[in-house]
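K.L.:
Have a look at this one before I ask anything.
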Amino acid sequence: MPENNNPRPLLTTTVKDPILGLALVLGDRKIVPYVPTREELIPRILDELDLGPDDIFYDIGCGDGRVAVYAAKYYGVRKSICIEIDKYLVEEALKRSILEGVADRVSVINADFNEVNVSDATAVYLYLLTSVNDLLKPKLEKELRPGTRVAALDFPVPGWRPFKKVGIDEYSDKTLYLYIIGSHNMD
Ligand SMILES: C[S@@+](CC[C@H](N)C(=O)[O-])C[C@H]1O[C@@H](n2cnc3c(N)ncnc32)[C@H](O)[C@@H]1O
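Oh and the sequence shown: position 106 is 615 in the numbering used here, straight run, nothing missing.
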C-alpha cells in the first residue's frame, strides 16, 4: 500500500435533523448527503420561484447541477450559480451545463457553501436539511437583499415565515416552502 505522506485529519460532522430525527455523520464539510431533486419536480419548483431572465439564481449545495442548468436553459435566467463541495458532482454539473448548451450562464463553484458570498442572488434554492438551513440562516439574512425569493424543498428554514407552503408532488409528500427576504421573519 502506498505511503500517505500528507495525512489529513478526517473531520466529521454529526447533523441531527429535527424533522427526520436522524443523526448523520458526514465527512469533513459535506454536511448534507447527496439526494437529487427528482427531474419532474424541477419545473414545478422553478415556476413557484417565478424565475425569469432578470434573475440571478443560486442552488446552494447543487449536486449534479440539474436544477441550476434547468433554470438557465428553460427559464433563461441571467446567471445560474451552482455551489457544491463534492468534486465528482462538480464535474457532473460542469458536463451537464456544457451538454445542455448553457455553460456561458452557469457557474459551478467547488466550495463549501458557508464560504461563498451569495449577495447578488435574486432567487435561491435549498434542498438541504432543516438543521443545515438553521446553520445557514444568519449568513442568508446578512447577505440576501430584500425581495430575494427563497425556495426550500421538504426542509423549512426554522423561524422563517413562508408566504406559501405548497405540496408539489401528487404521488408523495413533497413540500415546498417559499420565502421572501424582508417578510420572512416571524415577529
Ligand atoms: C440533498 S443534495 C441536493 C442537491 C441539489 N440541490 C438537487 O436538488 O438536486 C445536497 C447537496 O449539498 C452538497 N453539500 C453538502 N455539504 C456541503 C457544503 N458544506 N458545501 C457545499 N455543498 C455541500 C452535497 O454534496 C449534496 O450534493
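Glycine is no exception: its CB is placed at the ideal position from the N, C-alpha and C atoms.
Does the region 585-599 come within contact of the region 558-570, defined as at least 3 CB pairs closer than 8 Å?
P.N.:
yes
K.L.:
Using 8 Å for Cβ pairs, my map puts residue 462 next to residue 565. What's the rounded Cβ distance?
P.N.:
This structure does not reach residue 462, given that the chain is present from 510 up to 696, and the question cannot be answered.
K.L.:
Use the C-beta contact count for residue 599: other C-beta atoms within 10 angstroms, 16 or more gives buried, fewer gives exposed.
P.N.:
buried
K.L.:
For residue 594, which of helix, strand or coil comes out of DSSP?
P.N.:
coil
K.L.:
Helix or strand or just coil, what does DSSP make of residue 629?
P.N.:
Residue 629: coil per DSSP, three-state reduction.
K.L.:
What would DSSP say about residue 694, mapped onto helix, strand or coil?
P.N.:
strand
K.L.:
Once you ignore the five residues that flank residue 659 on each side, which residues in its own chain have a CB closer than 6 Å to its CB?
P.N.:
633 and 688
K.L.:
What do you reckon, is the C-beta of residue 570 under 6 Å from a heavy atom of ligand 2?
P.N.:
By its list of ligands, the structure shown excludes ligand 2, since it contains just ligand 1.
K.L.:
Got a sec, what are the start and stop residues for the alpha helix (DSSP H) residue 643 sits in?
P.N.:
DSSP places residue 643 inside the alpha helix (DSSP H), whose first and last residues are 639-652.
K.L.:
Taking 6 Å as the cut-off, is the C-beta of residue 622 nearer than that to any heavy atom in ligand 1?
P.N.:
yes
K.L.:
Within the present structure, is the beta-carbon of residue 596 separated from the nearest heavy atom of ligand 1 by less than 6 Å?
P.N.:
Residue 596: no, Cβ never under 6 Å from ligand 1.
K.L.:
Under the rule that 16 or more other beta-carbon atoms within 10 Å means buried, what is residue 698, buried or exposed?
P.N.:
In the structure displayed, the chain extends from 510 to 696; residue 698 sits before or after that span and is not available.
K.L.:
Would you kindly work out how many angstroms separate the C-alpha atoms of residue 641 and residue 541, rounded to a whole number?
P.N.:
8 Å
K.L.:
On a CA-only basis, which of 681, 671 and 692 is nearest residue 557? Give me that one, please.
P.N.:
Comparing Cα-Cα distances from residue 557 to each of 681, 671 and 692, the minimum goes to 671.
K.L.:
For residue 691, collect the residues of the same chain with a Cβ closer than 7 Å to its Cβ; drop the 5 residues on either side in sequence, then sort them by chain order.
P.N.:
655 and 656
K.L.:
Judging by CA-CA distance, which residue of 614, 676, 597 and 627 is the nearest neighbour of residue 584?
P.N.:
Of 614, 676, 597 and 627, the smallest CA-CA separation from residue 584 is found for 614.
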